[in-house]
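Its first residue numbered 351, the sequence shown is counted upward by one per residue in the numbering used here.
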Amino acid sequence: MATVFGCIVHRHNLWLVLLAALLCGAGSWVTARLFQRTVNTTGTQRLGWHVLTAISAGVAIWCTHFVAMLGFDAGAPVHFNLPLTLLSLLIAVGGSTIGFALTTCRTVKAAPAVGGAIVGIAIVLMHYTGMLAWRVEGIVSWDVDYLIASVLLSMTLAALALHLALRPSPHAVNQMAGVLSLAILALHFTGMSALRITPLTLDGAWTDMSTLRPLALAVAGMSLVIVCTGLVSYVIDSNVRAESLEHLRRLALSDMLTGLPNRASFNERLDLEIGLAQEHGTKLALIGIDLNRFKEINDLRGHHAGDEVLRILARRMTNLLCDGEFVARIGGDEFAALCRMDDGTRLMDLLGRLEAALYKPVRVDDYEVVPGASFGVAIYPDDATTKAILINSADLAMYRAKGSIAQPICFYEPAMDLIVRARRSLAADLRRAVADNQLSIHYQVQTSLATGEIRGYEALLRWQHATLGTIPPTEFIPLAEENGVILDIGAWVLREACARAATWEPPYAVAVNVSAMQFMHTDLTALVAQVLEETGLPASRLQLELTESTIFAGRERALDTLRQIKALGVSIALDDFGTGYSSLDTLRSFPFDRIKLDQSFVADAEAKPQDRAIIRAVLALGKSLGIPILAEGIETHNQLSLLAEEGCDEAQGFLLGRPAPLNEIVGSGQISLTGNNSARAPAPVPEAAVMADMEPGQRGHPTTPDTAT
């Protein structure tokens, strides 16, 4: 160690030694940075970074050696052999290339150690090739011990450097740079300590070291240029990566369709605004926004029109925002706005601007629509003290507004929580209703007006709650659809109705209602076929009733499903005719077996000539198409006489028979039970089944059902 120290102090120009050490440290740090990028990339990018790493390492090794050699006092004249000097540079770069390439080979377990050792050997070969290029007028000899020590130090430290580089540590780059610098410097100065020179010149014609300093500076300058090139490449790539990451972050926090902040961005902003409100003791308003007619726009004009409407409305809301206001798209047709309530008028001002923007007509192609919206407002900290409760409170207020016809803006009230909890409790009870035998089916007769004969019965679901008593279908059917329970309940109704109808004598038909959800969530055809096989009911005695809105929810799929069901022999009835989107087009698209005229036309037919004219037109249409017409909601003799006069085929309503349990109908003598053993008991309700079983007027309109007959 003393020999090495003495060699550095007494046989070198310390300024050039310092310059060589600085070049070595800078080059090693850049090499470590570039190597880190090599490890973290793949493909052609890795190849490019690998080449830059090898060049940076090779130049750092070579320049350290060359500048230090220029500072070495040999005590005799010296000069350099140019070809061997250049060869030493190529050895440094080539050996580094091989060593770094092997280090990044993940299939070799000892790759870092072997690759590092190869880099160490490259340092050794470069040094001693450089020493061959260094010609001195004297006799050169070597101390073998120091020579071997230099080789071992170089290989060991280089292997350690690359091992440290691959460790998952935030200091890996600096550790690699430090140890690699130590490997280069240890090799050089230990190797120089092994050198022994006996000068042959006796006249004192020593080489003037001052003439070599400009050369040393030139070499150092070249080294810095090359090292800085690698450093600049790294910095540029880092900036590009940072910009790309920022761009990806913006994309991750932005809605791709509208350009508005998305749900993730909204959550970040809400956290920030709540923090500011807490810090300054101010209030924050959260406004939940739900478009009123977006589904209709999508259904009637297609998703491209719906997307364009969203983009237009997003631009409007963005343009109306002031400082301290924020709007984001939460998903679908739902948005959310934040407003710092610096004064009492600011919130109402923002609500007014939002309402004006969303109720202003939107033109898409040749179509103009007024989207409209419902607004639910919750205020922090008045209505909630946490983020989750604030969001929930705004949602409750928004859904209250959505259910109101005249009030598009609704502020949160504590009573809303009680209503929601009651609905959730009722929904939980509804899930257990089948297992607890609380559900039953009532049957309502369908009669021929010409002969008075019974044509069949419609199956209608009833719920007798254990503690609340009778729950009207207008309340629990929408609840079942909201919670997905309608799938299981619908399958149960279909099986129960078919199983009971299979035992009837005379063998009347049974009508079972189905809703739009069956076409979206179940294989209705397979379910109907399975139920008919299980219960033994002939397909000709089952009629499925559906509304126009059910078909419109998924038109092509619905019509295809209906054709498959009709192929089984099951008849199809179009329910609530006249209240849907496009009745005539629906009739043209599918050959229905029965049309059920909605009760709303019958109810006012005596007082309104327009309704009577509509009835007459529908009956004429049915005769022309060869489809029998059944009028719903017959409650008076005058209504019955009117329909008979107009030539209506069939009728259903309280006047002809109220919905009743099967045992009451059997007791009245209308039906007797055959005890048909082929009618097996209904199977357990499957998890994914069809839905059905609502009162007339409810199907397809769960939120605004008509009065049941």
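The beta-carbon is built from N, C-alpha and C at its ideal position, and this holds for glycine as well.
{"query": "Evaluate the contact criterion for the stretch 818-834 versus the stretch 987-997: three or more CB pairs, one atom per stretch, below 8 Å.", "result": "no"}
{"query": "List the whole-angstrom C-beta distance separating residue 748 from residue 638, where the pair is believed to meet the contact cut-off of C-beta under 8 Å.", "result": "4 Å"}
{"query": "Could you work out which residue in 466, 476, 518 is closest to residue 507 when comparing CA atoms only?", "result": "466"}
{"query": "For the alpha helix (DSSP H) that residue 698 lies in, which residues bound it at each end?", "result": "696-709"}
{"query": "Should residue 1060 go down as buried or exposed, given a rule of 16 or more other Cβ atoms within 10 Å for buried?", "result": "A question about residue 1060 goes unanswered here, because the residues of the chain that appear run from 351 up to 1059."}
{"query": "Exposed or buried, residue 530, counting other C-beta atoms within 10 Å across all chains shown (16 or more means buried)?", "result": "buried"}
{"query": "What three-state label does DSSP hand residue 940 in the structure shown?", "result": "coil"}
{"query": "Below 7 Å CB to CB, which residues in the same chain sit around residue 357 once its five sequence neighbours on both sides are set aside?", "result": "539, 542, 543"}
{"query": "Measure the Cβ-Cβ separation of residue 385 and residue 430 and say whether it is below 8 Å.", "result": "no"}
{"query": "Between residue 439 and the rest of its own chain, which residues show a CB-CB distance below 6 Å, the 5 nearest in sequence each way excluded?", "result": "412"}
{"query": "Could you tell me whether the stretch 832-845 touches the stretch 859-868, where touching means 3 or more Cβ pairs closer than 8 Å?", "result": "yes"}
{"query": "Please report how far the alpha carbon of residue 688 lies from the alpha carbon of residue 740, in whole angstroms.", "result": "11 Å"}
{"query": "According to DSSP, is residue 814 part of a helix, a strand, or is it coil?", "result": "strand"}
{"query": "Going by alpha carbons, who is nearest to residue 731 out of 634, 901, 942, 703?", "result": "634"}
{"query": "Ignore the nearest five residues each way along the sequence and tell me which others in residue 666's own chain have a CB closer than 7 Å to its CB.", "result": "707"}
{"query": "Please classify residue 469 as buried or exposed, where buried requires at least 16 neighbouring CB atoms within 10 angstroms.", "result": "buried"}
{"query": "Closest to residue 861 by C-alpha separation, out of 874, 807, 828, would be which residue?", "result": "807"}
{"query": "For residue 770 and residue 746, which I take to be in contact (beta-carbon distance under 8 Å), what is that distance rounded to the nearest angstrom?", "result": "6 Å"}
{"query": "Take residue 504 and list the residues in its own chain whose beta-carbon comes closer than 6 Å to its own, dropping the five residues that flank it on each side.", "result": "470, 473, 474, 533, 537"}
{"query": "Quick check: the stretch 359-377 against the stretch 414-426, are at least 3 beta-carbon pairs closer than 8 Å?", "result": "yes"}
{"query": "Quick one: what's residue 633 bridged to in DSSP?", "result": "691"}
{"query": "Distance, Cα to Cα, residue 691 vs residue 773?", "result": "33 Å"}
{"query": "What is the DSSP secondary structure of residue 784, reduced to helix, strand or coil?", "result": "coil"}
{"query": "Reducing DSSP to helix, strand and coil, say where residue 1008 ends up.", "result": "coil"}
{"query": "Run through the DSSP bridge pairs and tell me what residue 946 is partnered with.", "result": "980"}
{"query": "Using the beta-carbon count (16 or more within 10 Å), is residue 993 buried or exposed?", "result": "buried"}
{"query": "Can you give the Cα-Cα distance for residue 463 and residue 653, rounded to whole angstroms?", "result": "60 Å"}
{"query": "Roughly how many angstroms separate the alpha carbons of residue 684 and residue 661, rounded to a whole number?", "result": "13 Å"}
{"query": "Under a three-way DSSP split, which group does residue 519 fall into?", "result": "coil"}
{"query": "Determine the DSSP secondary structure at residue 1021, reduced to helix, strand or coil.", "result": "coil"}
{"query": "Does the pairing of the stretch 640-656 with the stretch 716-730 give three or more beta-carbon distances under 8 Å?", "result": "yes"}
{"query": "Please state whether DSSP places residue 897 in a helix, a strand or coil.", "result": "strand"}
{"query": "Quick check on residue 762: does DSSP put it in helix, strand or coil?", "result": "coil"}
{"query": "Do you know how far the Cα of residue 546 is from the Cα of residue 497?", "result": "11 Å"}
{"query": "With C-beta atoms as the reference, is residue 944 less than 8 Å away from residue 978?", "result": "yes"}
{"query": "Note down the Cα distance separating residue 1027 from residue 856, rounded to an integer number of angstroms.", "result": "Only weak support exists for where residue 1027 lies, its pLDDT of 42 falling under 50; the coordinates are left without a value."}
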